[in-house]
Structures are given as C-alpha cells and as structure tokens.
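Reading through the structure tokens given below for one structure.
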Amino acid sequence: MFEHILSVMIFLPILTGVILLMTPASQGIARITGLLVSLAILILGIDLYVHFAATGYLEFVEKLAWVPSLGISYHLGVDGINLFVLMAASLLLPMVYLVFTTREKGFYANLLIAQGAMIGAICAADMVLFYIFWEIMLLPIFFMMGLYGGPKRIPATIKITIYTIAGSLLMLAAIVYLGVSYHAQFNEWSFAISDMAKLNLSGQTAILFFFCFIIAFAIKIPLFPFHTWLPDAYTEAPTAATFVLSAIMAKIGVYGVIRFVVPVFDEQLARFAILLACSGVVGMMYCGIAAIAQKDLKRMLAFSSASHMGIIALGVFCMNMQALTGSIYQIVAHATSVGVLFLFVGLIESRTNSRSIEDLGGIAAKAPVFALFFAIALLASVGLPGTSGFIGEFLIILGAIKFNVWVGVFAGTTLIIGVCYMLYMFQRVFFEKTNPNTSTFKDLTLVEGLTFLPVILLIIIMGIYPHPFLSKITPTTALQFAGDTPVVAQTVATNALFPELTIEKK
Amino acid sequence: MNCWPQKVRLLKKSTKKGALDIMFADWLFFTFAVIAVLGATGLVLFRHPLNGAMSFIVTLIALAGLYALLSAKLIFALQLIVYAGAIMSLIIIIIMFLNIQPEDLPHEETKWMYLIGGAIIVMPIGLFMVKMVRTLPNISTEIVGNNFGGVKEVGIQLYQNWLIPFEFIAILLLVPLVGAVVLAGKRGKNK
Amino acid sequence: MELSVNYLGLIPLFPLMGAVIIGLLHVFTCNRTRLPEKVYGILACIGPILSFILALRVWVALKALPPESRFLTHDVFTWISVGEFNVSMGFLADPLACLFLLFVTFIGTLIHIYSIGYMSGDVNYGKFFAYMNLFLGSMLVLVLGDGPLVMFVGWEGVGLCSYLLISFYSEDRANVVAGNKAFIVNRIGDLGFVLGMAFLFWGIGSGGFDYLSLSVNADNLAPGIALAVCLLFFIGATGKSAQIPLYVWLPDAMAGPTPVSALIHAATMVTAGVYMVARFSFLYAGVELAGSVIAWVGILTALLAAIFAMYQDDIKKILAYSTVSQLGYMFAGVGVAAYSAGIFHVFTHAFFKALLFLGAGSIIYALHHEQNIWKMGGLKAKMPITYVTMVIGALALAGCPPFSGFFSKDEILYCAFATGHYGIWLVGIVVAAMTAFYTFRMIFIVFHGQARDQEKFDHAHEPPSVMTIPLIILAVGAIFAGFFNLPGVFGGNLMVSQWLEPSLTEVHPYTSTFVEIFVVVASIAAFAVGLKLAWSKYGQGATKPEFSGFSRFAYNKFYVDEAFDRVLVQPYRALGATIWKNIEPNVTDAPVKGASRLYMMLGNAFKVFQAGYVRVYAIYMVVGLSLMTLFLSQSLN
Amino acid sequence: MIHNYLFLSIILFCLGIVGVIARRNVFTVFMSIELMLNAGILALIAFARLHVHMDGHVLAMMVMAVAAAEAALALAVVILLHKHKSKLDTNVFSLLKG
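Chains as they are written, first to last, in this note's numbering: chain A, 1 to 506; chain B, 1 to 191; chain C, 1 to 637; chain D, 1 to 98.
Structure below.
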C-alpha cells in the first residue's frame, strides 16, 4: 500500500499508547482508541499479507543508517519466517479490546505499547534494533502484571521480569560478540542479521555465545527447564497479558531461534540440536503431565501452553524443512487456539468469578455457542485433523522422526498427553451438572460472538485448506536448507537409528 | 581552553636580596608552619567545637602568612577576609547560635583509638604524596616581583582565561544561597 | 489407469454439511424455542441418502470399467505441500472403498431413520443428529481418502464423534468419563498411526503419498522400516478397532444412545482398523511377521471378548463384547493375508450387528431404558417383530448356515486353516462355539421364559414403525448378505473377493475340497454345541447366577480395567501431582529460587557494612585510598 | 624551599582526614573538611609559585568560593539536623543503616 507500512505498524500503537498515558483520557476513550488503533493495524496487516509475494527473501524492507560508525541501522523487513508471527501480533489483539471492556486506561495503553514493540521485534532485521524492541516488549507486560494482575502478582511479576532480563543480557553479550566477530572477519561493522550468516564461527567462544542466545530465547519460549516463571506469571497476569504472553511473545522467542541461531550458529546448532530437541520433548511431556494436576483453569492452560511450546521449539531444532515449516505454522495455530482459550477462560472468570475447575460444570447446556467455540479451540490445541493444530503438529512430528526416531516417537506422545488434561478439563467445566456458580451462565453476547467468530473460522480454514498459508512460508524455509549450510545437512540428516529414513540431499 | 596562554616572564633577578632574606623567609615559614600544624591539631583534638574553631582560625591566619611568603598577595588578602573573616565567623556564629552545652556534645570515649587508627590509615597516603612531591623540582621561594599575584594580574587572568568558570562559580554561590534559605528557613512547620 | 471424476468429494461433504447446518440450528435454538423434531429428522436423513445415491453411482461407474483399472480419483485441492512432502486432499474410490461406501451409507441411512423414532423426546435431538451426520461424514472421509493422511482425518474424526456421542448424556459423569476413555485410548492408537505415516513417508513417501504411488513403491521399502510401519499402523488399528490391549474403551462406550452403538461401535467405525489393514495389504503382504502378530492378537482378542461376553448382564455390553470378538475374527482374517475374507466379514457383520444393536435398542426403548437382561424375559410375545429380527441377527452372529455370518466367518477360518495357521483356526472354532453360546444366552434370557420384572413387562410394547422397518430391512440383509461371497464348495464363485481383487494384494488359498468340507463341518458343529449348551442352561428360563471362581473373574472382565487404572491412570495422575507439588518447586525451580536466595543472603551479609554512620563510610573511603596508595607507591621507587 | 610548603600541605591534609574519621562532632568534622580544602589551596599556591603562573591563584579563589558555598549549605543542614534531633553527633544520623 505504501512504503513505510512496517514503521507505521510499529510506531502507531507505541505513540498512541504513550500519548494515552500522558493525557487524562477516561478508560472508555482509552479503550476505543486502542480498539481503533488495533483495527488499523489489523487492516494494515491484512494488506501486508495480501501483498506479500513469498519470494523467500525479505520484503517491505525499510533501511536507514542509524549509527553508521558501528554499522547499526534501522532495518525492517518481512519474509516467510516472521510473516506469520507478525500476523499473530497484528490480527489478534482487537479481540482483547472487544472482550475486556472494563479495564483501566493504563491497561489499554500498555497493551498498545506491547503490540508496537512486538511488531518491532518481529520485523527488525538488525540485531541491535531487535534487542531494543525485545526489551521494550517486556515493559508493558511488567506494568500490566504488576498493576492489574491477580492477588499474588508481585512475586510473579518480579520473577518474570528478572528472569527475562537475565536472558536478555546474555543475548546482548552475544549480539555484541557477533558484531565484533563480523568486524574481525570482514573489517567492517555490521549488525544486520543477514550479514551474520556469512560469519564463520567455531571454537569454544562460539559455543558459549550460542548458548547465550539459546538461553535468552529459551527463557522467553519457555523451554524446559527455563519455564518455571511461566505458571505463576500466566496465572497471575490479567487475561489480556496472558494472552499476549502466550499467543505472541512466546512465539517471538521461537522466531528468534529461527532467525538468529539457525542461520548464524549452524555448526553449533548441528552439534547441540539433539540436546535442545530433547529439552523440547521433555518440556512438552513434563508440562503436559503437570497440567493434569492443576485445579486452576488458567494454570492448566499455562502448562498446556508450555507443553505446546516445547513441541514448537522442537520443530526448530530438528533442522529440516518439514519440521521448521510445521513450527512456523504451529505458531499461528497455537496463537489462535490456546491464546483464544485463555480469553475464554477470562470470560468464564468474569462470569462466574471462579477459575477453579471444581467450581464449574454444565456450562455446555447453558451456553451452547460458547461451548462450541471453546470445543473448537480446544480440539485445535490437541491437534485434531481438520483444525489448524493438526497440520503444524504433524509436520513437526514428521520432521522429528527424520531427525531422530526416538525424539520423534516421544514428540508424538503430545497427541495423548494433550488430550488427557484437555478432556478432563472440558468434562469438568462444560459437562456434568450445573451448580450455583454456573446455573446463570450467560452465553456469548453478539459482540463477543462476532469477535471470536473470525478466529474460530480461521482455525478451521487453516486446518482444511492450509496450502495458501503454507505456500507463504515454504520459499523461505526452503532457502534455510538450500545448501548454503552443508555442515548442517550432513550432521543432522543422518538418522543413526534408521539410516534408511535418511533421504539424501542433492 | 588554553590555560597557559602566554609566557609570563615576571621573574626578576633576585640574587641581590641576599642570603639573610632567605634565611628570614625560612624562619617565617617554619614559624607559620608550626603554628598552622598546632592549630590544626587543636581543631582535631578540642572537644568543644568553639575551641576547635578558634584554633582553626589560627591555622587559617598562619596559612595566610604562608601565601604571602609565596607571593600570592591577592590570595593572602582573600584568605584573611573571606576565610578567616567571613566563613569562620559564620561558623562561630552558628555554633554560638545553637547554644551548645557540654552535655549536648557527643560522648567520644573511643576518640583516641580512632585518632591513632586514623593516623595509621592515613600514613600511606601521606607517604605516597611525599614521594610524589620528591619527584618535583625543588626551587627556592624568594619573593617574586610586582607582576605576580597582585589583584590586577590575577584579575586579568580571571577575566580573560577563566571567565566562564568564574560565572559558573557565581551560579554555584547562588544555589546554596537559595538552598540555605529553604533548608534552614523553615520554622519547624513540618513537625 | 485411474479415472478422474468430480463427485467423490461430495459423498462425505453431504453429511458434513448436514452436520454443520443441524449443529448451527441446534446451537442457536436450543435455549430458546426449539425447532420441531421433524425438521432435524428430515435434515439429518438428507445427507446420508444423497451419499448413498452417489455411492451407487460410484459402484455403477466402477462396474463399467475393466477390473484392473477400477479406480476413480478426485483431487480436490493441494492440501499440504512442504518440500518433498506433498499431499493433496484427494479421494479415491476403488472396489474396496466402494464396498465400504455402499454398506456404510446404507446402514448409516437406516440407523438415521431408526434414530428418528428412538431419540424422540430428547432435549438434544438436534445435537444428536449433528453428531451422527458428522460421524458419517468422517467415516466416509476415512473410506474415501486417497492416502494415509486423508484417511487419518476421517480416522480422528470418527474418534472425535464417538467421544461426543458416548458422552452424549453429559450430565452423568460416568458417561463423560467413558467418552474421555474412548477418545484417549483412540489417541494412543492414533499415535501409532501418525508415527507409522512418518516412517512410511521417510521410507518411500517422496514418490507420492497416496495409496497408488505407495503401492508402486512398496518394494523399495527397507524391511526393517516396513515391519515398523506395519506394526505401528496395527497399533492404530488396535485403538480404533478395539483389539488387545486397547479394547477397553468399547464396552464402556455403550454409555451412548443405542443407535450410536449400532452405527459406531458395531457397523462402521470399529471396522476402520480392518479396512486400514486391507488398504495397506500391499505392505502387509510383504511382512509376514506383522501378519502373524495381527492374526494372533486378533484371535486372542476374539477369545477374550467371547469369555467376557458369556458373563455380562447388560444387553449392550454383551453385544459390545461380541463386536470385539468378531473384530478379532476380522483381524485374524486379514492377519493371515485373507484380506477379502476379513473385509467380507466386516460387510456381513455390519448388517447383523447393526440389526442386533437396533433390536436391543427397541427393547431398551420399550422397557424405558432398562438394559439389564436379568430384568427382562418373555418378551417374545410382546415384541414379535423385534424377536424375529433379533433371532435372525443372532443366528447370523452365531454362524448358523445359511445366514450371512456363517459364510464370512467360515471363509476366515478356512483361510487360516489353509494357510497353515492351525492354532488360529482351533481358537477360532472354540470362539465360534462360545459365540453361539453367549448370543443365544442373551436371546433366551430376554425373549423366552417368564417375565422377571412384571411392571416393566406390562409396559413393554412394539416400537413405532419408523424403528421396526429398519430392523426388517437389516434382517433381510443379515440373511442374504452371505450369498454374495459363496465359496466354491457351496457352488459360488467368491463374488466379493473377485470384486475386491484390484484393491488388494492377496493370494487366495486353494486346498482340496475335503479340507473345505472339513472346516465347514467343524464350524457347524461348533455352532450346534454352543446353541445346545445355551438352550440347556437358559432355554427354559433361569435366574441370575452367583459367580465364583473363574466365572467371577470373567464376570469382572479379568479386572483389566482396574489393572489399567492402577498401572496407567493412577500413576499418571500421581506423576502429574508429583511434578506439580514436588518436582516443580524443588527441582526445576530450585536453581532459580536458589539464585534469588543466594542473592538475598549476600545482601544480608553485605548489609553489615552499611553501618549508616557518615564516619564509617569515610573510613571505608580512606582505607580504600590508603590501600590504593600503598599499591601505587611501589611503582614510584 | 617549595617542597616544604607541599609537605606542610600534606600534613594538614592528613590531619583533616584524621579529623573527619576520628571525630563525631558535626562542627569539627565540617571544619576538618575545611582544613583539607585549605591544604589543597596551599598546594595550589605553591604550585603556582613553582611554575610562576597565576592559574593556581584563580583556582584557589574558586576553591574558596566553593568552600563558602559549602559552608553556607552545610551549616543550614546542621541547623536543620539540630532542630530535628537536638544532637550534634554524626552517629545519630544513621538513616542509611542497612
């Protein structure tokens, strides 16, 4: 549509948010403003998606020298890897304004700032720029949790903030290391991500900084065993913040791995991929099993989210095209399923004043539309064919089998583990008899229904006809394994257990 | 800013003054030095601050004499007027204004311990500085002629090369003026 | 080779559309003014009927083709395309699929019609038909899919529908738990299916991931992978088709409405596993070990389920276990590479088992949801149509010649014998006797003798014709379906087997006529023994026996459910609780907590230095300065 | 000799330090700081004499100005503290205690 679409998408919400904070606007005006801005972003996002040409390289590029003496630039762009994360960040947020109508002004303002910062982090093609947005992204969450969260919000807020910042600092060190290495090898300064792929990194130092990156992203994703901030944070945060955290921010962690680690540290990743993949699988099983013991609906979903993120991360570490594509696809699928489930739980909480599974029951009889929507989102999250969740999950398992048979087999257990706690929860909350808490449960209002309808439809469309979406991703993922990283292909493509499964690469 | 803009060749041939003058100047130096050190010691040791302040004034006056010996005529005058005069009278006025009784004073039973300990701690610092001084050239300090250290010469220096710092100092003096009024001027309303 | 047509996709689409429309109508009206039941009933029947008509058209189209090129395909759109992984949402109708198509839509339609009567008066009438249509659509996707992945869509779809229908009366916790159990157990099987697909793809999938390409490339598959793929797919089949060890969900699944039991747990869904094995006959034919495993698992399941069926009280559970048992036969059949025999048993079984379930449904309907056979008795007089049709179904199930079950079961046993699997044959014969015994035990207790619960007996009546007509049609099917595949010894020419030939990779075994006759006689003898035992024990009326010893053990189903609960479910829950209560705070979070605690400790330790006195800070400064000068003054010498 | 002036400056400075760290009387501490400033001024003047350059004098004036400003402010603070606590003991003011 126009040249600076990405910049507008980044700074429109941030500036609006800051202006809202500084003016004495009422909460109603704040909400309407936020809604309008997020709708504007949604329109821009759709426009961008339509005009995305799927060339495999960065599109909509904006590049301005920022600190020329160090080669830092204001460099934005979209390709198949971040397109879908960007879509998640730009399309889903209007729901929050429509569903949660009675929050404070600062809540909406922070939400706007969070959205802008997330879009910035997603689109940044320069490491320093990425780092800056990455840090800004955390601030609104800090305020939203600390100011508007549940009763035990303060420890949870401090934990997530310090934990994430600790990771970020490691990443900063690694970014500086990359910049300095680039200077040492090519005698000029650059922090552009695309330049880093040319680096030839080896030795102990490279491994050290590889883990710096990995830990930073692992905390954000969160990857086992760096997930311990998650249950508390997701539970205590206001639902909108939980939604943002789980649906988008966690995905930016995965995206970071794909963007930074896969092309730059190819040798190191090939060497440690099995370790990281195991971490993903163990995390998936661990969190999935822990979810069954939860009494709090939100906490159960928090564990479920962590469990799914383990699988998504696994897809990245498998280092083949199917798994990587599956991960990127699953990013959207997860955002639309579990993310929306969080919003639904927020609705349940606001209607019954309870999140405890034991206090609920029989909602399906009282609110059939709500139950239908909830069931579709739930089925997508357990990866039922015909919903978006299946495509991604299947591709990841397919890729994992190629990567390592046992990793693949254990990754497959997600089919069972997910279903166990989700069905248990659905049974207790939606089936069985109603009780005083739920006997007056109101079905979705028209506005709420229309708010969620597009997402529910998207879940189904993405499950039945995923090809148009996948075809936007595959050119870029194909480039990732197009032979410019021969080391990776050789190290990983050999499946030790079943050599027959290895398809030779030309 | 170049602080050393011109060669100031003011030094006169001073040999004709003779050894006696130098001897006399040395005697004066030692006298002042001893008085200054005694005064300073008194400041540190006297229990009552008023005694300390009187003792400190002695030190300041002795120092003024030393400035004179170093041909710093303006500073000599300023030391007497501003320091020994204005600042110290301010201090003494405050001490008296507060009407300090001996029982108001802190009971410093461990004063001597601290003094001795402090002396030991300070020793390396002093020795270090002494060593540093030893590396400098040692010249005799006979009085330099009329073109050094007078109001006019320092004034020219001040207004030509140090104008901006001087103005800053003016502002700096304004700030504590306001600050002192704000801090001390309240009549305990906040209690 | 294959012919591309553009109506295959419509076959599953009709019921699916029906499901969406009915579902939406129900959802938006159920808490306001309800639509009349007729609307739902008619809407629900449109989809299956249209599908059935299209199925007939497929059959006609296939008949018109020469036997070796009887393949109709319909590529709707590219589904998933990632690198070398290319799958299109395509449908394939070959003779095998066509056979399934015909009886699934036919029986499905009858069950829909029957349900109009059975479900009348239920609050969630619309929901029921939405689920039924969705189920039928999923089953048709499963049957028509042109590759494993499309089949998997239907595969999971029927699993979902069975979950929804089992927990249909969702107010009762037990029903929902049964639904959960069904879904989770199915999912365990699905894991096998998914892994099998992944192995298969990395083995030979790059040449195309549909049945036709796969069967062409099947020889390139390394033997180890082939075995793994076969066994993994079979795990999937055990889940869906209720074989050892994953059969546990099917008896519990009787919690759903009875037509559901008829449709899902007898006629169609549970046969998906058999269908799948037959579909992959090009793989299984090359891996004998996998075949033997399947055959043995199948026949042992048949034995186990027959033992359980002999001791059940609940009419639906008897039928459920008989289903499990018959499925065991089918797997024994496909396991010994007699794919067409197995499929044929699926075909006949669909008729008589649907008939039996619907008959049981009539009884339950007449007795106001009484399912315990020890509260029935003497119903012969009150419900003659039901009685006659049920007896026909029972005879077919028990394998009485010339009813359909006899021919199909006999064919399986004959193939087992002819291929040298004597052990399987022997067990099969024993199970046949047991089948006759438990089937007629049920018939005698329910229909003969005296009424055990007089009040219920007095209210019993024949159900409306919308329910009896499907019974009659099915009874006709149960009688004559067997004649489609008459073996040579009875003067037939194995019509169904020949029809299926293009789809399957099998070699039909040939032996001497004497062996054929011997096997037939053994089957008939087994039936006679079973019937005689049942008559002598229950024919003249009997009371509920007290169980002890082995029978008590069998009555409690060998405590398998309890064992599963102890060994899997409870430890799983306990593990979850342990992770949450112990491991999470004390192990995984320990480093984080430790770090913060260390930080606090250091803070407390350093607090000592913060004396708060100006002088002390000055002393620190001077001491620092002093130490610095001590260090510096060394360099000054 | 110029060294003697510098030595005297060092002695006075060290005495000032000792005064700061050994005494608890607010006024004494304050005057000890002034003593250190004076030691600094003496060093400045001595160096000015050493180099025969008057920048040292200018700096000395500035230090005096700073000392005057400091005196005004510090005494105001002392008055305030005395108002609050009626004590001249530095150990009374220990709000920074951890």
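Cβ coordinates follow ideal geometry from the N, Cα and C atoms, glycine included.
For chain A, find out if any of its Cβ atoms is closer than 7 Å to the Cβ of C:C30; answer yes or no.
To locate residue 30 of chain C, count along the third sequence from 1; it is residue 30. For C:C30, the answer is yes, since a Cβ of chain A falls inside 7 Å of its Cβ.
On the criterion of 16 or more Cβ atoms from any shown chain inside 10 Å, does C:Y510 qualify as buried, or is it exposed?
By 1-based counting over the third sequence, the position of residue 510 of chain C is 510. Note on C:Y510: under 16 other CB atoms within 10 angstroms of its CB, so exposed under the neighbour-count rule.
Relative to the alpha-carbon of C:K409, which residue among C:T105, C:G333, C:L602 and C:H26 has its alpha-carbon at the smallest distance?
What you label residue 409 of chain C is simply residue 409 of the third sequence in a count that begins at 1. The shortest C-alpha separation from C:K409 is found at C:G333.
So if DSSP puts A:S73 in a beta bridge, which residue, or which two residues, is it bridged to?
Reading the first sequence from its first residue, position 73 is the one you call residue 73 of chain A. According to DSSP, which records beta bridges pairwise, A:S73 is partnered with A:A65.
Residues near A:G167 in its chain [Cβ-Cβ closer than 6 Å; skip 5 each side]:
Walking along the first sequence from the start, residue 167 of chain A turns up at place 167. Taken in chain order, the residues that qualify are I215, A216 and I219.
Closer than 7 Å, CB to CB, is B:M129 near chain D or not?
Sequence index remark: in the second sequence, residue 129 of chain B carries index 129 (1-based). At a cut-off of 7 Å between C-beta atoms, B:M129 counts as an interface residue with respect to chain D.
C:E568 to A:Q322 span [Cα, whole Å]
Here residue 568 of chain C corresponds to residue number 568 of the third sequence, with the count starting at 1. Here residue 322 of chain A corresponds to residue number 322 of the first sequence, with the count starting at 1. The sequence shown places Leu at residue 568 of chain C, not Glu. When rounded, the separation of the alpha-carbon atoms in C:L568 and A:Q322 is 33 Å.
Using CA atoms only, rank isn't needed, just tell me which of A:G120, A:K366 and A:D79 is closest to A:P436.
Indexing the first sequence from 1 puts residue 436 of chain A at position 436. Residue A:K366 is the option with its Cα nearest to A:P436.
For a contact meaning CB atoms closer than 7 Å, what does D:V20 contact in chain C?
Position 20 of the fourth sequence holds residue 20 of chain D. Against chain C, the beta carbon of D:V20 has neighbours under 7 Å at A618, listed in chain order.
Quick test of your reading: C:M376 and C:V446, contact by CB under 8 Å. State the CB separation rounded to the nearest angstrom.
Locating residue 376 of chain C in the third sequence gives position 376, where the first residue counts as 1. Locating residue 446 of chain C in the third sequence gives position 446, where the first residue counts as 1. C:M376 to C:V446, Cβ: 5 Å. Contact.
Could you list which residues in chain C have their beta carbon closer than 7 Å to that of B:V181, in chain order?
For the purposes of this step, residue 181 of chain B is taken as residue 181 along the second sequence, with counting starting at 1. Here the premise fails: no neighbours, minimum Cβ distance about 24 Å.
Specify, as a first and last residue, the run of the beta strand (DSSP E) that C:D75 falls within.
What you label residue 75 of chain C is simply residue 75 of the third sequence in a count that begins at 1. Counting along the chain, the unbroken beta strand (DSSP E) around C:D75 starts and ends at L72 to V82.
Cβ of C:S465 within 7 Å of any chain A Cβ
For the purposes of this step, residue 465 of chain C is identified with residue 465 of the third sequence, where counting begins at 1. It does not; no Cβ of chain A falls within 7 Å.
Chain C beta carbons: is any one of them nearer than 7 Å to that of A:A493?
Taking the first sequence and counting its residues from 1, the one referred to as residue 493 of chain A is at position 493. Because the pLDDT at A:A493 is just 46, under 50, the model does not fix this residue reliably, and the value given afterwards should be weighed accordingly. By this cut-off, A:A493 is not an interface position.
Rounded straight-line distance, which links the Cα of C:V216 to that of A:M425:
Start at 1 with the first residue of the first sequence, and residue 425 of chain A comes out as number 425. Start at 1 with the first residue of the third sequence, and residue 216 of chain C comes out as number 216. The alpha-carbon atoms of A:M425 and C:V216 are separated by roughly 45 Å.
Cα separation between C:G612 and A:P151?
Stepping through the third sequence from its first residue, residue 612 of chain C is reached at position 612. Stepping through the first sequence from its first residue, residue 151 of chain A is reached at position 151. CA-to-CA, the gap between C:G612 and A:P151 works out to about 35 Å.
In whole angstroms, give me the CA-to-CA distance for B:I75 and B:V58.
Position 75 of the second sequence, counting from 1, holds the residue named residue 75 of chain B. Position 58 of the second sequence, counting from 1, holds the residue named residue 58 of chain B. Rounded to the nearest whole angstrom, the CA to CA distance from B:I75 to B:V58 is 17 Å.
According to the neighbour-count rule (16 or more other Cβ atoms, all chains shown, within 10 Å of its Cβ), is C:S241 buried or exposed?
Within the third sequence, numbered from 1, the residue matching residue 241 of chain C stands at position 241. Around the beta carbon of C:S241, a 10 Å sphere encloses 16 or more other beta carbons of the protein chains shown; the residue is thus reported as buried.
Could you list which residues in chain A have their beta carbon closer than 8 Å to that of C:E584, in chain order?
Here the question's residue 584 of chain C lines up with position 584 in the third sequence. Going along chain A in sequence order, the residues near C:E584 (Cβ under 8 Å) are T228, P231 and A290.
Look up A:D484 in the DSSP assignment and say whether it is helix, strand or coil.
Here residue 484 of chain A is taken as the residue at index 484 of the first sequence, counted from 1. For A:D484, the predicted model reports a pLDDT of 49, less than 50, meaning its position is unreliable; a value from the coordinates is still stated below. In the three-state reduction of the DSSP assignment, A:D484 falls in the coil class, being assigned neither a helical nor a strand state.
Can a CB atom of chain C be found closer than 7 Å to the CB of A:E504?
Mapped onto the first sequence, residue 504 of chain A falls at position 504. For A:E504, the predicted structure reports a pLDDT of 41, less than 50, and the residue's modelled location is therefore unreliable. The matter cannot be settled from this model.
Through-space distance from C:M119 to C:Y125, alpha-carbon basis:
Position 125 of the third sequence holds residue 125 of chain C. Position 119 of the third sequence holds residue 119 of chain C. Rounded to the nearest angstrom, the two C-alpha atoms are 7 Å apart.
Cβ-Cβ separation, B:A72 to B:G149 (assumed contact under 8 Å), whole Å
Translated into positions along the second sequence, residue 149 of chain B becomes position 149. Translated into positions along the second sequence, residue 72 of chain B becomes position 72. Right, the Cβ-Cβ distance comes to about 4 Å (below 8 Å), so this counts as a contact.
Any alpha helix (DSSP H) of 4 or more consecutive residues that is wholly inside the stretch 136-182 of chain B:
You should have 151-161.
What would DSSP say about C:G126, mapped onto helix, strand or coil?
Locating residue 126 of chain C in the third sequence gives position 126, where the first residue counts as 1. DSSP places C:G126 in helix when its eight states are reduced to three.
Over what stretch of residues does the alpha helix (DSSP H) that includes B:L50 continue unbroken?
Locating residue 50 of chain B in the second sequence gives position 50, where the first residue counts as 1. Looking at the DSSP string, the run of the alpha helix (DSSP H) that includes B:L50 is P49 to L69.
Using a Cβ-Cβ distance cut-off of 7 Å, determine whether D:I79 contacts chain B.
Within the fourth sequence, the letter at position 79 stands for residue 79 of chain D. Taking a beta-carbon distance threshold of 7 Å, D:I79 counts as an interface residue toward chain B.
Applying a beta-carbon distance threshold of less than 7 Å, which residues of chain C neighbour A:Y465?
Residue numbering aside, residue 465 of chain A sits at position 465 when the first sequence is read from its first letter. Contacts between A:Y465 and chain C, judged by CB atoms closer than 7 Å, involve F77 in chain order.
Any residues in the stretch 580-606 of chain C with a beta carbon nearer than 7 Å to a beta carbon of chain D? Which ones, in chain order?
Hits within the stretch: zero.
Is there a C-beta anywhere in chain A that falls below 7 Å from the one on C:R187?
In the third sequence, residue 187 of chain C corresponds to position 187, counting from 1. Under the Cβ criterion of 7 Å, C:R187 is counted among the residues facing chain A.
In this structure, how does DSSP classify C:N586 when only helix, strand and coil are distinguished?
As a first step, residue 586 of chain C must be located in the third sequence, where it is residue number 586. Reduced to three states, the DSSP call for C:N586 is helix.
Based on the DSSP secondary-structure assignment, which residues constitute the bridge partners of C:F85?
The residue given as residue 85 of chain C occupies position 85 in the third sequence. C:F85 is bridged to C:V82.
Could you pull the start and end residues of the alpha helix (DSSP H) that C:D410 belongs to?
Counting from 1 along the third sequence, the entry for residue 410 of chain C is found at position 410. Counting along the chain, the alpha helix (DSSP H) containing C:D410 begins and ends at S404 to A418.
What residues of chain A sit near C:V60, judged by a beta carbon separation below 7 Å?
Numbered from its first residue, the third sequence carries residue 60 of chain C at position 60. For C:V60, none of the residues of chain A pass the 7 Å Cβ criterion, the least Cβ distance being about 30 Å.
Can you find the residues in the same chain that come closer than 6 Å, C-beta to C-beta, to A:L341, ignoring five residues on each side of it along the sequence?
In the first sequence, the residue the question calls residue 341 of chain A occupies position 341. Around A:L341, the same chain offers L301 and A377 as residues with beta carbons nearer than 6 Å, after the five sequence neighbours per side are excluded.
Where A:A173 sits in the DSSP three-state scheme
As a first step, residue 173 of chain A must be located in the first sequence, where it is residue number 173. Annotated three-state conformation of A:A173 is helix, per DSSP.
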